[in-house]
Structure formats: C-alpha cells, structure tokens
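In the numbering used here, the protein residues as written are 549 to 810.
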C-alpha cells in the first residue's frame, strides 16, 4: 500500500506566478515600445494644432464642461496647482508599477489579466498619434488655459522642438487616465475589502489633474476609457482572489490516505 496526498502543489484555482525575468522583459519591452512609438509619431505639428481646434470645438458643441473651470479651481491656490503638477509628473509610472508588482506577488491570476489589458490598450494607443496627432490644450491659444507646469513647476515637458524624450502631440488617448483607471479597476477586482471602491479616487484625482493642468482634454480621457472598456470585454478578469500569505502544507493527519492496489 502507498499513500497519496490531495495535491502536492498549489490549491485548486491558484495560478503560479509567471517567471519574473520574463515578466520584467515584457514590461520593459512594452514601456520601450510605448516611448519609441510615441517618438516616431513626431513631425505633424500643423495637423496636431488643426485637430486640437476640432477637439475643442467638438467639446463645446456637445456641451462638455469647460476645462477652464477645473483649472480655475487649481489656480486659486499656488500650493494646490503645484501639487497637481507634482502628481502629474511623479505618480503615473510609479503607481502603475507598484500595482503590477503587488498583483504579481499577491494575485498572480489578476496580474496576468492586468498585464494583458495594459499591453493591449497601450499598444493600440500607439496608433492614434500617427492617425490623429493632437496638441494639448495648454498649447492652444484659443482655450485660454495656462501651462501650469511651466508657470508653477515642476515642468514635465520642455519646448516641443527641443523635447527629445516625449511626443507632446500625442495627447489622445490619455494614458495617464487610462492607466489610473486600470489600477483602480484591477484593485477592486482583486480585493474584497469594503473600502476597495475608494481606489476610484485615483482616476478621479488623475482626471482632475490632467484637465486642470491643461495637459489633456476631456475627450482624451473618454477615448482612453472606451479603449479599456473594449479590452475588458475581451480580456476577462479572473473570478477568484487569494491572499499573499504563503500557505502552510497540511499536516500528515489531515491528508487523505488513498490505498493503491498492486
């Protein structure tokens, strides 16, 4: 007679973590493609300003709230507008990175789902700067909006002609907002706390910041939302959630003894 255990590996429903080196290469590769792709779309200045006029006019036609109302709220206090600029400059990448690291360590199944959604939407977002280059509202004189980064600091962007790190004419979609939405939805899906809905404050604050600092139009965030909703439709979140804690193996007396005939 010999004995067999219920399972020598992870409990049913668990998904093992993907190899960490492979994931690092995938995420770094995606980031590199994102940066290079946006850089390759440079060189459509006239079209970008023409599209900016069209977007601004469309927002007024459909009676979207004016971006200026949000900026006026920030400009009431110099400290507030400075903090908004700091948030825009420093939260975007670190928050998304920490989100992915936590999911990788604590919710591997949700990590794979979130990484797929982010990869799909970010890759698709690289097409828009080629098809629809767009100058941000801070560059469009007709908006009457201030470039708060330049005036109050910290400034993320330099003059467009001297900026060799980013494409400032790739305002649509707003991946600042889209990634913040992914972080909130991902954490709500992966946790069961009664307070988990407070994660929605992250995209709400992000939306206030990107509009109030005149880096994005409302339509930039709407486009990002639609892209993520489409991705969520085809890339479904896992149904189960499990904790971070390492599981102790069952004691021998709790394991089922299964006789095996010879």
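No residue lacks a Cβ here, since even glycine has one placed at the ideal position from N, Cα and C. As the structure is a prediction and not an experimental result, all values here were calculated from the model.
For a quick check, are the C-beta atoms of residue i and residue j less than 8 Å apart?
i           : j           : result
residue 785 : residue 661 : yes
residue 762 : residue 693 : yes
residue 659 : residue 757 : no
residue 750 : residue 728 : yes
residue 719 : residue 682 : yes
residue 772 : residue 721 : yes
residue 755 : residue 725 : yes
What are the residues that DSSP puts in a beta bridge with residue i?
i           : result
residue 682 : 718
Look at the alpha carbon of residue i and the alpha carbon of residue j, and state the distance between them as a whole number of angstroms.
i           : j           : result
residue 781 : residue 629 : 37 Å
residue 564 : residue 736 : 21 Å
residue 704 : residue 783 : 33 Å
residue 686 : residue 621 : 16 Å
residue 645 : residue 740 : 21 Å
residue 695 : residue 742 : 39 Å
residue 748 : residue 759 : 17 Å
residue 610 : residue 604 : 10 Å
residue 723 : residue 700 : 23 Å
residue 615 : residue 697 : 16 Å
residue 738 : residue 788 : 8 Å
residue 653 : residue 672 : 27 Å
residue 608 : residue 619 : 17 Å
Quick one: what does DSSP say residue i is sitting in, helix, strand or coil?
i           : result
residue 695 : coil
residue 761 : coil
residue 770 : helix
residue 611 : coil
residue 663 : helix
So that I know if they touch, is there some Cβ in chain C lying closer than 8 Å to that of residue i?
i           : result
residue 690 : The chain inventory of the structure shown lacks chain C, comprising one protein chain alone.
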